[in-house]
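Chemist: Structure in structure tokens, see below.
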Amino acid sequence: MVRFRAGGLREIAEHLFTWGGEVVIEGPEALQAAMRERLDAASACLRPLLTQHDVRAGE
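Under the working numbering, residue 101 is the last one in the sequence shown; the count climbs by one each step, no gaps.
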């Protein structure tokens with residue numbers, strides 16, 4: 043368990059995002075939702091690259 047002060051759930055989610063798969067967010071639900079938003083945003087940034095990779099793999 044880690045405890046620290048932060049400016050809000052988004053700030054906490056941003057920090058936890060840097061831990062990659064080394065963290066499990068057990069709660070609260072609002073923090074889990076904030077992390078889902080960060081993951082969705084990161085995934086959206088990679089979609090064009092993933093699509094290009096899929097096209098190249100089929101060549």
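Glycine included, each C-beta is placed from N, C-alpha and C at the ideal position.
Starting from the C-beta of E79, find all residues in its chain whose C-beta is less than 6 angstroms away, skip the five residues before and the five after it, and write them out in chain order.
Modeler: Taking the sequence shown and counting its residues from 1, one reaches residue 79 at position 37. Cβ neighbours of E79 beyond the five flanking positions: none.
Chemist: Have a look at G49 and R89 and give me their C-alpha separation to the nearest angstrom.
Modeler: The residue given as residue 49 occupies position 7 in the sequence shown. The residue given as residue 89 occupies position 47 in the sequence shown. When rounded, the distance between both Cα atoms is 30 angstroms.
Chemist: Whole angstroms is fine: what's the gap from P70's alpha carbon to D82's?
Modeler: Translated into the one-based positions of the sequence shown, residue 70 becomes position 28. Translated into the one-based positions of the sequence shown, residue 82 becomes position 40. Going from the Cα of P70 to the Cα of D82 covers about 19 angstroms.
Chemist: Relative to the C-alpha of G63, which residue among M77, R47, F46 and R45 is closest?
Modeler: Residue numbering aside, residue 63 sits at position 21 when the sequence shown is read from its first letter. Considering only alpha carbons, the answer is M77.
Chemist: Work out the CA separation of A84 and H57 for me, nearest whole Å.
Modeler: Walking along the sequence shown from the start, residue 57 turns up at place 15. Walking along the sequence shown from the start, residue 84 turns up at place 42. Using only the alpha carbons, I get a separation of about 14 angstroms.
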